[in-house]
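Beneath this line is the structure, given in structure tokens, with notes to follow.
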Amino acid sequence: MKFTCLRKGGGFHFPACHMLNVSGFRILLDCPLDLSSLAFFSPVPVAHEAHKSLDTDSVIRKKQKMEKALDANDLVHAEPWYKTVKSLHLWDASFIDVVLISSPMGMLGLPYLTRTKDFSAKIYVTEATARIGQLLMEDLVSMHMEFRQFYGPEDSCFPQWLRWEELEVLQSEMKKIALGKDCEELGAWMPLYSADDVKDCMRKVQTLKYAEEACYNGTLIIKAFSSGLEIGTCNWTINGPKRNIAYITNSIFVSTHAADFDFVGLRGNDLIIYSDFFSLGAAENMENDNTYFDPVASLNFSDDVNNLEEMSASLLKDDESTEEMEKLAFICTCALDSVRGGGSVLIPIDRLGIILGLLEQMSVLLESSSAKVPMYIISSVAEELLAFTNIIPEWLCKQRQEKLFSGEPLFEHAKLIKERNIHVFPAVHSPELLTNWQEPCIIFSPHWSLRLGPVVHLLRHWCSDPNSLLVLESGVDADIALLPFKPMAMKVLQCSFLSGMRLQKVQPLLKTLQPKLVLFPKDLRCKIQILEANTIFLYSENETLRIPSSKNSTEIEIATDLASKFHWKTLKQETITRLEGELFMDYGKHRLLSGSHPADSKQQRPLVHWGSPDSKGLLTELSKIGINGTIKQVRDDTESESAAGVVEIHEPKKAVIHVGETGTVIISADENLASHIVTAIDIVLDGI
Amino acid sequence: MAIDCLVLGAGQEVGKSCVVVSINGKRIMFDCGMHMGYTDSRRYPDFSLISKTGDFDNALTCVIITHFHLDHIGALPYFTEVCGYRGPIYMTYPTKALAPLMLEDYRKNMDRRGEDGQFTSDHITECMKKVIPVDLKQTVQVDKDLQIRAYYAGHVLGAAMFYAKVGDAAMVYTGDYNMTPDRHLGAAQIDRLQLDLLITESTYATTIRDSRYGREREFLKAVHNCVAAGGKVLIPTFALGRAQELCILLEDYWERMNLKVPIYFSSGLTIQANMYYKMLINWTSQKIKETYATHNAFDFKNVQNFDRSLINAPGPCVLFATPGMISGGFSLEVFMQWAPSEINLITLPGYCVAGTIGHKLMSGKPTKIDLDKDTQVDVRCQIHQLSFSPHTDAKGIMDLVKFLSPKHAILVHGEKPKMATLKERIQSELGIQCYCPANNDTVTIPTTHYVKADALDAFIKSCLNPNFKFSKSSSVDKSYSGSNDSKAIPGLQVSDERVAEGILVVEKGKKAKVIHQDELLHMLGENKHEVQFAYCFPMRTERLEKTRSEDLPSADDLLCGLDKCTLISLLSTKLSNELSDGNIQDLGEQLQVESFCLSICLKDNCPHRISDSVQNDSEVVFCCCSWSVADEMLAWKIISIMNNYTLPLEGRLQVHI
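Just so you know, the protein sequences line up as chains R and U, in that order.
Mapped onto the numbering used here, the consecutive letters of the first sequence carry residue numbers 1 to 688.
Mapped onto the numbering used here, the consecutive letters of the second sequence carry residue numbers 1 to 657.
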């Protein structure tokens, strides 16, 4: 088995990506997009600044500003491109056999793959992930449309900003986004796929339920088990004839909306690929947050949230969800404070679970405080996404399922929309929105990068209002993200949410699963103490690990009715028999079944012989079946007991048998005679 | 190894479906239904046959319920709360959501009938708490050995067929299913599985149905005619399933015909049920599923709640009343009021359990029905029998049995004589052993079992490398197929005998091993002894008279290196014309077919010559051959071809001169 980490995980929106070679099949684990690099581009400019930004001497201006702080003009004013996993381009897509998608985020790069020529891999996705992933991609394409309408069709396939002379003069932070830390990622930039690419991609995926068995090529049995991160997200088990593998992505033990992390289903696998980078990202955030002081953010909440991580060390498993609920409650109170002060609240968070939770909590809070503030959800796919969440009880957590059994809607939003507490609109310019518009209000709207979607316009509208509040996910580099909206008077609340397993749970989890081998990220190794070193393989980006096979035999199942027909031969210690029948490979199992046509009538004759023949003995056996002859010549009769020699047959016809130490040659012109002689030799020798 | 199948209900009848199956030490109860035709102890399965002591927790591994119909789930609260079974119970999400409504509706009706309901509302709630919901195709590991999986069955919302596997033995219990999609549900779907046993329903064991659309039109016409004439239509149904299907049908028709006649549901139950249907829309047909975001098909516009005071209100109406089959309750109450009037219409489902009023109405055309000793109802109203049913027809059953091709089949949930006919068909047409046991009978069938062995890589690898042998079908085969000459297939036979290279080794106290034959001797520590055949035989040659001059060089002289090669190539052409199988290789000075090896022999005293056969003739070329035991037959065939062949040497000579 071979394993290559193509990219380590980078938070909720950018899951890890790996390539796995098992039983001769090449499996790609997830295919994400790095949407955080959208920060490189400027959002769609407002009309009056358009000319300025497209200035011809912008290069010179940039050069002069080399040493100054980053400002909005340093962003690239062009139709954005999107950054894919860079090392994936080094692999021939047509050689991939299977693609496993663990989350909607892990699916965003998939259309690039499915549209390549000769791509023929089987793509497995859970039903819910496929639906949500499709909506996310469609939303991305429709939000991107705004750029296309603004900048017009691209004149060349190679944009200006991608030229080396342009890249060279970039600010160092911008350069890092464009080229990556090691200046290798330039090739990863791609223009966005089209709506047709998305459609085509969706046609190629095979959807699964949790714990549904999918059998690839009769050899690999692939199953998805809930990971608890989001609705439909999953971990995978891959069972081949020689190996049982569990692939663990970002997982949450107890979720407030999605089905819980089903780690029981992952038990019984001898190898675990641990690919939950949450604790790595969380630590990085802490560093970032220490150095990050936004002068305009009057309310910095992120430090508190990160401290919670240490506090939770002593907390029990299920307290993770209450902690998450508390975070939502905190956001709600902050929002309430804002609207009471006459400011609006903008929530560009693209995590379904967080939005659903906020909608429910916010409406309760607003009602109890009798604040008459409308909530708007503005997104091209919101209506469908919200309707979808109310018809998928099988993919939700236990508490939500109980709602089904008692006949209540799974989520409150259906009722809230009916009661007109929540309004859903496809776009900022929807006529219904304009007639309904009321400030202050609370708005949920994509995109978290603050470069795409309705949020851009709303942010421009409110950025100078000190009473308004912007709620961001941590992990977004707020400095760069807010650049086009400076000067910001708006309050910013940055909040980190649980999006994976905490470090202290890794050890107990591995203990429960009891794998023989663990593939573990090198970056996380130093943070974890107790793991036994001999069972661990450490992996890092772009390094191929070769995992030696633990057994060199494969289990084979022989039907009893067939086995009872075998001709057994007893030797000194063992009994042996030649196999018959037909070998089938089905559901990862080798099975020997009786063939469609029974063994043909040709006499069963040993094909391999061993031992040493005795000429005299042979002669005796021959005479028993009416063949007579004489021993003509004995070589080395002084030493050898095996009595090698030549036997001449006179009766019934002439024949000669050369009997040697390592071989016997029968010389006969007659078919029958020759065959009789062999029968006699079979008796004298051992054979099968 | 065997599967024991104890039929506690629905054996040669319809009602109280309940089958207890023992596979490899696991015991599963499929369905736990009640019989609607009885009110005494016969309405429940005889649970004492499972465990005399009543210790059901140890006697059963789990209970599986296929769908929410009372004849499949009706006895469950009684079994868990009164009999005390506390083990796991599995059913699909919709079944778990909707079953309590069904049970509660039934219980209320029984109360109204003044009978001992046997279980209470609390019993139902407690019972449902123990249920573990499953999704379709989700593989559930009940315990270490038992695996179950649900497959879509159509029939009603959430109906499932269940697959169960313990060790090497596997089976499917279908419950009720429908092989054709209807107004709101899709057709049953299942994987091709390797099964020892299939237990299938056989409600319509001998009926073949045509398209349902004609039948639907008939129903709509009957309803329309009745309401147009000012009549009232009574549709006795259970709260769930049929009610929603017919309602989608009527709703659609009402819209199209612009009808304003009210459609009522007898209790809030059905309207409440629609709420569940909306959430479970993923379990309906593809067509309905696709519209969920814009319009949920279970938002009915024309439907209203019914009030008892409306029974004798003037004017036409359509009323859905529970329970179906008019076995009591509200539908009976309305029936008594409406049946005496000719303008009214009563529609009956395709199947009614014996003992219910529905059954009496269907059998013949009664003018009077005795409810009990004192009550009699005049029946003058029109009666329409719905001829579309959520059950599969005989063709569907045969299709499913054929598709799954189990080793054995058991028929349940049907009528005895029809089941016997179907059983014969399955045995004769599909060659599958089939049974239709009566209630409380046990059927035992053998199961497959596998011996496990470790196969070493060399064997697996040799099996993975294709090593096909192609052969033209022999003349014997042709003569057989000669009678139906048009269909004689020009035969190319492909055989692959790599499996025979494997050798199974069993040593005391060790796991059986499969090795490749090449590894055997090494393992045994023995040396190989090669047994070979050899034969150096003469071949006749032929030359033309005119080239026979006195200066002619002898044959030996002719056979220089170059000539050997041409001879061999000549032979190889000859062989490839005559020989149907074997891979003929021309290796220059040698000819090789499998292990058979032939070369032109120039030695005077080749040890492989049999002195007898040597005619000292200069016009003879010797061919020295050797081959191994495996290719014995092939070798003699080649030699006989050679013996009948004369080498045309004349051509060579001319070239030489």
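Each residue gets a CB set at the ideal place from its N, CA and C atoms; glycine is no exception.
So that I know if they touch, is there some Cβ in chain U lying closer than 8 angstroms to that of residue i?
| i | result |
| --- | --- |
| Ser615/R | no |
| Pro393/R | yes |
| Val428/R | no |
| Arg163/R | no |
| Gln401/R | yes |
| Lys565/R | no |
| Phe405/R | yes |
| Val99/R | no |
| Lys209/R | yes |
Taking C-alpha atoms, which residue in the options lies nearest to residue i?
| i | options | result |
| --- | --- | --- |
| Phe403/U | Leu195/U, Ile346/U, Asp374/U, Gly84/U | Leu195/U |
| Lys137/U | Asp191/U, Gly175/U, Thr392/U | Asp191/U |
| Lys129/U | Asp563/U, Pro406/U, Pro607/U, Met91/U | Met91/U |
| Pro94/U | Leu583/R, Gly611/R, Ala563/R, Leu404/R | Leu404/R |
| Pro32/R | Asp71/R, Val85/R, Pro348/R | Val85/R |
| Arg242/U | Tyr253/U, Met257/U, Val63/U, Asp182/U | Asp182/U |
| Leu28/R | Met19/R, Arg525/R, Ile248/R | Met19/R |
| Val629/U | Ile677/R, Cys334/R, Gly660/R | Ile677/R |
| His567/R | Ile558/R, Ser120/R, Thr577/R | Thr577/R |
| Ile392/R | His13/R, Val373/R, Ala121/R, Ala128/R | Ala128/R |
| Met1/R | Ser36/R, Leu562/R, Ile245/R, Asp197/R | Ile245/R |
| Val451/U | Leu167/R, Thr560/R, Ser564/R, Gln494/R | Thr560/R |
| Pro426/R | Arg7/R, His609/R, Met143/R | Met143/R |
| Phe25/R | Cys526/R, Phe95/R, Gly268/R | Phe95/R |
| Leu411/U | Cys436/U, Leu598/U, Glu218/U, Thr541/U | Cys436/U |
With a cut-off of 8 angstroms, does the C-beta of residue i fall near any C-beta of chain R?
| i | result |
| --- | --- |
| Gly230/U | no |
| Ser549/U | Model confidence at Ser549/U stands at a pLDDT of 44, short of 50, so the residue's coordinates are unreliable; what they give is reported in the following sentence. Closer than 8 angstroms: no. |
| Ile281/U | yes |
| Trp627/U | no |
| Tyr292/U | yes |
| Trp636/U | yes |
| His384/U | no |
| Gly154/U | no |
| Gly509/U | no |
| Asn574/U | With the sequence shown as reference, residue 574/U is identified as Lys, and Asn is not the correct amino acid for it. False, the Cβ-Cβ gap to chain R never drops below 8 angstroms. |
What does a CB cutoff of less than 7 angstroms around residue i pick up in its chain, not counting 5 residues either side in sequence?
| i | result |
| --- | --- |
| Val334/U | Leu234, Ile311, Leu319, Ala321 |
| Lys16/U | Gly9, Ala10, Gly33, Met34, His35, Arg43, Tyr44, Pro45, Asp71, Ala75 |
| Cys183/R | none |
| Ala680/R | Leu618, Glu621, Leu622, Ile625 |
| Tyr112/R | Thr84, Met190, Tyr193 |
| Ala59/U | Arg27, Ile50, Ser51 |
Kindly list the residues whose CB is nearer than 6 angstroms to the CB of residue i, restricted to its own chain and excluding five residues on each side of it in sequence; keep chain order.
| i | result |
| --- | --- |
| Ile641/U | Glu578 |
| Tyr660/U | Nothing in the structure corresponds to residue 660/U, since chain U is present only between 1 and 657. |
| Leu524/R | Leu280 |
| Ala50/R | Note on Ala50/R: pLDDT 48, under 50, position unreliable in the model; the coordinate value appears next. Cβ neighbours of Ala50/R beyond the five flanking positions: none. |
| Asp55/R | Residue placement at Asp55/R cannot be trusted, given a pLDDT of 48 that sits under 50; the coordinates are not used to answer. |
| Asn552/R | none |
Which same chain residues end up closer than 8 angstroms to residue i when comparing Cβ atoms and leaving out the 5 residues on each side of it in sequence?
| i | result |
| --- | --- |
| Leu521/U | Asn527, Lys528 |
Problem - beta strand (DSSP E) runs wholly inside the region 80–134 of chain U, at least 3 long, in chain order - result: 89–92, 131–134
Practice task
Pull out every residue of the region 424–458 of chain U whose Cβ sits closer than 7 angstroms to any Cβ of chain R, in chain order.
Solution key: Thr448, His449, Tyr450, Val451, Lys452, Ala453, Asp454, Ala455, Leu456, Asp457
Handout entry: Residues of the region 582–599 of chain U with Cβ closer than 7 angstroms to any Cβ of chain R, in chain order
Key = none
Handout entry: 3 or more residues per run - each beta strand (DSSP E) lying fully within the region 110–186 of chain R
Key = 122–126
Handout entry: Within 8 angstroms of chain R by C-beta, residues of the region 125–136 of chain U in sequence order
Key = Met128, Pro133, Asp135, Leu136
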